Amino acid sequence: MAKLIITDWRLGLNTIAMIKAIRRYAGLNLADAKSRTESVVTGEIVTLAIPVTQDATALCDELATLGVTASVEE
1 MAKLIITDWR LGLNTIAMIK AIRRYAGLNL ADAKSRTESV VTGEIVTLAI PVTQDATALC
61 DELATLGVTA SVEE
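1 is the number of the first residue of the sequence shown in my numbering; add one for each residue after it.
See the structure below:
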């Protein structure tokens, strides 16, 4: 199981796209994905457990295109 650690975001972040990406790769429901996204926007560091390392890497890459700073730990 891999951990995705989200540490920062840039102005212009598309939070809807971020929520959708988190739901797709982390398997969270809408409320949980929205809560995690809101936590990131308020400055909290958020850690997500992703069962498949490839999914964690794909999510990290997708979030980077949205303006999110994240890294993957195995």
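All C-beta atoms in this analysis are idealised placements derived from N, C-alpha and C, irrespective of residue type, glycine included. Quick caveat: nothing in here was measured; it's all calculated off a predicted structure.
Using CA atoms only, rank isn't needed, just tell me which of the options is closest to residue i.
i      : options                   : result
Asn-14 : Glu-73, Leu-66 and Val-72 : Leu-66
Ile-45 : Trp-9, Glu-74 and Met-1   : Trp-9
At what residues does the alpha helix (DSSP H) containing residue i begin and finish?
i      : result
Leu-4  : Leu-4 -> not in any alpha helix (DSSP H); beta strand (DSSP E) instead, spanning 2 to 9.
Thr-53 : 53 to 66
In the DSSP output, which residue or residues are listed as bridge partners for residue i?
i       : result
Thr-47  : Ile-5
Glu-139 : Given a span of 1 to 74 for the chain in the structure shown, any question on residue 139 remains unanswerable.
Ala-70  : Ile-6
So, are the CB atoms of residue i and residue j less than 8 Å apart?
i      : j      : result
Leu-4  : Ala-64 : no
Leu-30 : Arg-24 : no
Ala-26 : Leu-48 : yes
Using the rule of at least 16 other Cβ atoms within 10 Å of the residue's Cβ for burial, across every protein chain shown, is residue i buried or exposed?
i      : result
Ala-21 : buried
Ile-50 : buried
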